[in-house]
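Participant:
Residue numbers (full-length UniProt numbering): 1 to 263.
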């Protein structure tokens with residue numbers, strides 16, 4: 001099982017080595033900005049590296065919203081990041097599920113997701129697997145609760161779309177981790193990546209606040225069980241820099257060598 005961390009984008013391979021990581025995830029541009037990613041001088045080095053690469057799309061992207069001033073730029077930015085991720089040989093582009101505003105029809109948000117994939121198809125496709133990630137908060141979110149996720153997959157399931165399961169987001173979003181993998185796969189048919197994070201916030205708090213695996217409010221054994229059941233690559237998005245993330249990676253490797261109940 002490939003295990004790694006979300007790292008600074010300046011030199012992802014050096015960050016991977018510092019953590020003894022098999023895989024790394026990073027941003028290709030400001031996660032809070034709308035600027036398109038620039039070509040990387042180390043693109044060839046990244047493409048040929050033994051470390052697996054994942055790119056996280058900016059947080060500002062929200063293709064579900066009914067607000068044209070956000071939705072249309074979001075589609076273009078998502079496609080731009082997909083093209084940039086393809087150029088460095090990334091295995092996937094992770095993007096949050098998004099939301100609609102209070103009072104808006106969530107069904108339109110799901111259809112806007114469908115239109116996003118149709119828009120990309122008209123431009124030749126994304127070129128890299130797009131992995132929709134579950135989110136922690138919001139009553140109008142497209143991928144917080146599994147009932148919403150099922151409606152989202154009804155809209156986009158005919159396209160080549162993957163799923164990224166975040167343990168902190170699921171727990172803080174009000175989904176029990178025990179048995180979660182089976183419930184998710186019953187909807188999506190797949191889990192392509194696991195974000196293994198503990199949660200500073202409590203169950204169903206709606207708080208997107210990650211903690212190290214030996215801290216927080218989630219029993220670490222539940223996180224390990226989710227990972228084992230998912231059978232997918234793992235990225236920790238935990239605090240503490242090199243030391244904190246290396247400890248989390250080492251913890252997972254040790255735990256996954258032993259038998260435990262599946263989630």
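We treat Cβ as the ideally placed atom computed from N, Cα and C, and that holds for glycine.
Note that the structure is predicted; figures quoted are calculated from it, not measured.
#1: If you measure between the beta carbons of residue 3 and residue 249, is that distance less than 9 Å?
#2: For residue 25, count the other beta carbons within 10 Å of its own beta carbon; 16 or more makes it buried, fewer makes it exposed. Which is it?
#3: Roughly how far, in whole angstroms, is the beta-carbon of residue 89 from the beta-carbon of residue 46, given that I think they are within contact range, below 8 Å?
#4: Let's test the definition: count the other Cβ atoms within 10 Å of the Cβ of residue 118 and tell me whether it reaches 16, buried, or not, exposed.
#5: If I follow the unbroken beta strand (DSSP E) through residue 54, where does it start and stop?
#6: Can you tell me the Cβ-Cβ gap for residue 100 and residue 64, rounded? I've got them flagged as a contact below 8 Å.
#7: Taking the straight line between their C-alpha atoms, what separation do you get for residue 108 and residue 14?
#8: Measure how close the beta-carbons of residue 131 and residue 192 come, nearest whole angstrom, since I'm counting them as under 8 Å.
#9: Beta-carbon within less than 8 Å of residue 224's beta-carbon, same chain only, minus the 5 sequence neighbours each way: which residues are those?
#10: Distance check for residue 39 and residue 86, CA to CA, integer angstroms please.
#11: Please state whether the Cβ-Cβ distance between residue 57 and residue 7 is less than 9 Å.
#12: Whole angstroms is fine: what's the gap from residue 135's alpha carbon to residue 144's?
#13: Within 10 angstroms of its Cβ, does residue 211 collect 16 or more other Cβ (buried), or is it exposed?
#14: Quick check on the DSSP output: the beta strand (DSSP E) that includes residue 133 runs from which residue to which?
#15: In terms of alpha-carbon separation, which member of 103, 246, 233 lies closest to residue 54?
#16: Pull up the DSSP beta-bridge partners for residue 117, would you.
#17: Going along the chain, which residues of its own chain have a beta-carbon closer than 7 Å to the beta-carbon of residue 214, five neighbours each way excluded?
#18: Candidates 76, 148, 164: which alpha carbon is nearest residue 122's?
#19: DSSP three-state call for residue 254: helix, strand or coil?
#20: Which residues does DSSP pair with residue 199 in a beta bridge?
#21: Distance, Cα to Cα, residue 141 vs residue 148?
#22: Bridge partners of residue 163, per DSSP?
#23: Put residue 86 into one of helix, strand or coil per three-state DSSP.
#24: Strictly by DSSP, which residues pair up with residue 5?
#25: Taking residue 168 and residue 199 to be in contact with their CB atoms under 8 Å, please state how far apart those CB atoms are, rounded to whole angstroms.
#26: On the CB-based measure, 16 or more other CB atoms within 10 Å of its CB, does residue 186 come out buried or exposed?
Facilitator: Short version:
#1: Less than 9 Å divides the Cβ of residue 3 from the Cβ of residue 249.
#2: The residue is buried, with at least 16 neighbouring Cβ atoms inside 10 Å.
#3: Contact holds; Cβ gap of about 6 Å.
#4: Exposed, by the Cβ-count rule.
#5: For residue 54, the enclosing beta strand (DSSP E) starts and ends at 52-56.
#6: At roughly 6 Å, the Cβ-Cβ gap stays under 8 Å, so residue 100 and residue 64 are in contact.
#7: Straight-line Cα distance between these residues: approximately 43 Å.
#8: Between residue 192 and residue 131 the Cβ distance is about 5 Å, and since that is below 8 Å, they are a contact.
#9: If you ignore the 5 residues before and after residue 224, its C-beta comes within less than 8 Å of the C-beta of 252, 255, 256, 260, all in its own chain and listed in chain order.
#10: So the two alpha carbons sit approximately 11 Å from each other.
#11: Result no, Cβ atoms of residue 57 and residue 7 do not sit closer than 9 Å.
#12: Using only the alpha carbons, I get a separation of about 5 Å.
#13: That one is buried.
#14: For residue 133, the enclosing beta strand (DSSP E) starts and ends at 130-133.
#15: Check the Cα spacing between residue 54 and each of 103, 246, 233: the tightest is with 233.
#16: Looking at the DSSP assignment, residue 117 forms no beta bridge with any residue, so it has no partner.
#17: Counting only residues of its own chain and dropping the five nearest sequence neighbours on each side, residue 214 has a CB closer than 7 Å to the CB of 220, 251.
#18: Cα-wise, what sits closest to residue 122 is 76.
#19: In the three-state reduction of the DSSP assignment, residue 254 falls in the helix class.
#20: For residue 199, which the question treats as bridged, DSSP gives the partners 210.
#21: Using only the alpha carbons, I get a separation of about 8 Å.
#22: Answer is 132, bridged to residue 163.
#23: In this structure, residue 86 counts as helix in the three-state DSSP scheme.
#24: In DSSP, residue 5 forms a bridge with 24, 236.
#25: Between the beta-carbon of residue 168 and that of residue 199 there is about 4 Å, and that keeps the pair under the 8 Å contact cut.
#26: So residue 186 counts as exposed.
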